[in-house]
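Chains as they are written, first to last, in the numbering used here: chain A, 1 to 110; chain B, 1001 to 1892. Presented below is the structure to which this report refers.
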């Protein structure tokens, strides 16, 4: 598989990591996706995707500070890397390019 | 915050989740749980928690980091390679033995896998192979009159096609022998007559010409590439004329297509192919349209996509009841059926039709032999590696001290095994390639050495299997050493390891003895076949096929043949090197003689074989009469009145004095038995001599029979007894006479002893393959034994030296050292006897005439292995025994 390849769900999760910044961890991302795109996603799926993105080098992670919530466990916070950002940008441009190629429908044609 | 998630689920999570991830995941789950408790209550939250934990149980989580072994770093690999080559180089002899043994095993495996593949892929090259069926015919008239055949009546194919919508195509195929004329030259060829849909059913490829239309014209002919080269050389064969003798006259056919030579793994083989539109010229109308009990061609049907053959077969009874009539149907219990095309080649439960059938046993035996040899070679590898483990022990110790993990060591040693097998593979593939012609000859195949996916699959799987099998035991033994023990020098060769090696060598020996004794037995049986007194003298006896024009009944053609034979006889009698000439409807080594069946006066159905000869037959073949006399020209009534039977015949009918008796069938013409001939083997030695009747005029018998089974053309053959010592001149004289009498016709000439030997070709080849396997097994096994002995001697050097110092003689030392090997050979001999006995008795049971399995064979096999074993180790022993003890002891 091409290393540069980014799946649809991977792209969504990567974008959310970018949006959430310091608060980008598993649950928050699930919530954010629900809120912004209205899609119920699985926590485990998000985790797996995050690890895969990490393998690909688009995000990196560190453990956040401990709180009393979560039974004292720390959050694993994810951060978009430069490569990830470049990837997101490239995807956006690609999509815009492609969109431009579609003959725009005119109302009269309908 | 006092609600806790289910602890069982948490524990499960902790069990499978990698440590690095657990905190983040558990935290997230806990957070979700706390949120859910507020939202939906504790019960629902707990349920959801459990469900979430289960959802996390997935490969991406469980296996994360497990497969990312950072220990495989490039420099370590480099080091492994370097060490592997160094250690191989250091023990040159051992490496050579390993590589040599393995490559022999690999070569055998490659060749035999090619063979087995060829056998298993028979007829699978047609893309519709799974829809093609051969029709078989089955009749049961009661009273030993059961007929089961894979050839069918002519009307079978068309009837199936017309009455059953499931049948997409039907093709009838049969072979005829015919004279061919191309320009001025004349050839004797097997012509295949096939249905017009032949190329719709079978995917034989054509090189030029229109394959779809090729068989839709009466005077079209399709020839193979081989024949195109033979007849026309480099010229374009399309539309060239070939004359084929179908009736009395030659008919012109024009070449409409040239087909690729039929693949060797195809049941249907053709060189010259013409359309069934020519049937009316070959057979009478009645036979072609309404004769349901004469079986000649093979009928193939192609069913429509998705048709269940058993459903089609279920329609047969009602269909045949109407076609052949209620009465016939009841009497004959007519029950044809369908046999899948791909089943034909290896299913020996069906009688042989036109397509050859081979026994799958042959494939199994060969595969077993290949695996045995490979196994013996692998054992060598294991014994040698374990034997050399002492030398490698220090390396293992140091590696462990420096921090190598056991997995690394195992990988290293398995890797070394794979390197060795890789080298062996290259040599083995080369050996296989070089020996393919020899193997083809042995196996009777035309196999090619393909560089395709199959070959790559075989090679890689062999590589992995050998590497893993032969590498894993040494790898685990070596890596289990305790570093402290090694480095302190306290490590001793455990006697258990010695025993493991001895067991392995024992297994090799058992296999070698098994193969040697099998070889000896097979050789004994094959020589027996060659030298068995057949009841006639088959030396310097030649058989020559006569050609008689087609057309007219078989009887007139047979007569025409005998007339032609008379012309030859008068011509040939002039030569002093030709001792005797006779004519006979059947010759030797070319399949079954005509078999007839009749119901005798006590209403018992009986069968016997029939041969038509002239009065010179008995003296020419040097057969002996048990009683009575031969046919004689001086006695004119012999021609119309007399028959000779063999002893088996007389015995079956319980005749003590057969002379003057009559064969007890109502409708036979008036006749009497004038002589009883001593039994001679006119078929092969696989079967007993069957009752036989010899006549000069077949009509005596033919008038009274109910069934006749003609497998081989009864057109007469000349049998010529040549003077020994002058074979070459005699054969040229024969050829000259032939040209004078028969003109351009092809001269087909064979010696009877050779033709008869051909019947045992498969068994002779099997014998040769087993003896080659035996030689290889002994060779590889002795290599292993040699290496084993050299290691054992090294370990005992000091013991021997001390014994010498204390006054042991060289002889006593040799006895001491060789004792355990002798015991080993004897034990192995005893172990191998039952297996050999069982398998060989099985093989011998296929022969009606066979040798007995005696202990002499096993003794001989045992002594051969013992001599081989002692010969192999004696060099090592002598070296140890002869070395001055001072050399070995002075450093102590």
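Yeah, the Cβ is synthetic: ideal placement off N, Cα and C, and Gly gets one too.
Are the C-beta atoms of residue i and some chain A residue less than 8 Å apart?
i, result
"residue 1056 of chain B", "yes"
"residue 1036 of chain B", "no"
"residue 1060 of chain B", "yes"
"residue 1052 of chain B", "yes"
"residue 1032 of chain B", "yes"
"residue 1064 of chain B", "yes"
"residue 1027 of chain B", "yes"
"residue 1042 of chain B", "no"
"residue 1119 of chain B", "no"
"residue 1024 of chain B", "yes"
Which of helix, strand or coil does DSSP assign to residue i?
i, result
"residue 5 of chain A", "coil"
"residue 1582 of chain B", "strand"
"residue 1671 of chain B", "coil"
"residue 1214 of chain B", "coil"
"residue 1297 of chain B", "coil"
"residue 1598 of chain B", "strand"
"residue 1853 of chain B", "coil"
"residue 1156 of chain B", "helix"
"residue 1808 of chain B", "coil"
"residue 1535 of chain B", "coil"
"residue 1233 of chain B", "coil"
"residue 1122 of chain B", "coil"
"residue 1069 of chain B", "Confidence is the limiting factor: at residue 1069 of chain B the pLDDT is only 47, short of 50, which leaves the residue's position unreliable, though a coordinate-based value still follows. Of the three classes helix, strand and coil, the one that applies to residue 1069 of chain B here is coil, per DSSP."
"residue 1013 of chain B", "helix"
"residue 1405 of chain B", "coil"
"residue 1750 of chain B", "strand"
"residue 1206 of chain B", "strand"
"residue 1504 of chain B", "helix"
"residue 1742 of chain B", "helix"
Does residue i get closer than 8 Å to chain B when you measure Cβ to Cβ?
i, result
"residue 110 of chain A", "Any answer about residue 110 of chain A is weak, because its pLDDT of 46 lies below 50 and its placement is not dependable; what the coordinates show is given next. It does not; no Cβ of chain B falls within 8 Å."
"residue 43 of chain A", "yes"
"residue 75 of chain A", "yes"
"residue 59 of chain A", "no"
"residue 71 of chain A", "yes"
"residue 16 of chain A", "no"
"residue 80 of chain A", "no"
"residue 25 of chain A", "yes"
"residue 140 of chain A", "One cannot answer for residue 140 of chain A here, as it falls past the ends of chain A, which runs 1 to 110."
"residue 63 of chain A", "yes"
"residue 48 of chain A", "yes"
Would you grab the beta carbon distance between residue i and residue j for me? Rounded to a whole angstrom, and I think it's under 8 Å.
i, j, result
"residue 1298 of chain B", "residue 1152 of chain B", "7 Å"
"residue 1215 of chain B", "residue 1199 of chain B", "7 Å"
"residue 1873 of chain B", "residue 1812 of chain B", "Contact flag wrong, Cβ pair sits at about 17 Å."
"residue 1546 of chain B", "residue 1717 of chain B", "6 Å"
"residue 1686 of chain B", "residue 1848 of chain B", "6 Å"
"residue 1590 of chain B", "residue 1607 of chain B", "Residue 1590 of chain B to residue 1607 of chain B, Cβ: 20 Å. No contact."
"residue 1452 of chain B", "residue 1446 of chain B", "Going by Cβ atoms, the distance from residue 1452 of chain B to residue 1446 of chain B rounds to 17 Å, so no, they are not a contact pair."
Can you find a CB in chain D that lies within less than 8 Å of the CB of residue i?
i, result
"residue 1046 of chain B", "Included in the structure are the protein chains A and B, with no chain D among them."
Is any heavy atom in the ligand NAP found nearer than 7 Å to the beta carbon of residue i?
i, result
"residue 1333 of chain B", "Questions concerning the ligand NAP fall outside what the structure shown contains, since it holds no ligand whatsoever."
Segment contact, 8 Å Cβ cut-off, at least three pairs: the region 1764-1783 of chain B with the region 1194-1212 of chain B: Output reads no: the region 1194-1212 of chain B does not touch the region 1764-1783 of chain B.
The region 1670-1690 of chain B / the region 1624-1634 of chain B touching (three or more Cβ pairs under 8 Å): With a cut-off of 8 Å on Cβ pairs, the region 1670-1690 of chain B is in contact with the region 1624-1634 of chain B, counting three or more such pairs.
Within the region 1616-1664 of chain B, ranges of the alpha helix (DSSP H) (whole runs, at least 4 residues): Under the rule that a run must span 4 or more residues, the alpha helix (DSSP H) segments found entirely inside the region 1616-1664 of chain B read 1617-1621, 1638-1641 and 1647-1652.
Completely contained alpha helix (DSSP H) runs for the region 39-95 of chain A, where each covers 4 or more residues: As far as the region 39-95 of chain A is concerned, its whole alpha helix (DSSP H) runs of at least 4 residues are 43-56.
Three-pair Cβ contact test at 8 Å for the region 1292-1312 of chain B versus the region 1153-1171 of chain B: Enough Cβ pairs lie closer than 8 Å, so yes.
Inter-stretch contact (C-beta, 8 Å, three-pair minimum) for the region 1007-1027 of chain B and the region 65-76 of chain A: Counting Cβ pairs under 8 Å, three or more are found: they touch.
Cβ contact check for the region 1552-1559 of chain B and the region 1495-1514 of chain B: 3 or more pairs under 8 Å: They do not touch, by the three-pair rule.
At least three beta-carbon pairs within less than 8 Å, the region 1317-1324 of chain B to the region 1717-1737 of chain B: No, because fewer than three Cβ pairs between the region 1317-1324 of chain B and the region 1717-1737 of chain B fall closer than 8 Å, the two stretches do not touch.
Beta strand (DSSP E) segments (min. 3 residues) lying fully within the region 1508-1573 of chain B: The qualifying runs are 1541-1545.
Sequence ranges, beta strand (DSSP E) only - wholly within the region 1216-1296 of chain B, length at least 3: Counting whole runs of 3 or more residues, the region 1216-1296 of chain B contains the beta strand (DSSP E) stretches 1220-1224, 1241-1245, 1250-1259 and 1272-1275.
Given 8 Å, three or more beta-carbon pairs between the region 1465-1479 of chain B and the region 1406-1420 of chain B: Touching, per the Cβ criterion.
Cβ contact (3+ pairs, closer than 8 Å) linking the region 1227-1244 of chain B and the region 1254-1264 of chain B: In short, these stretches touch, since the Cβ pair count reaches three.
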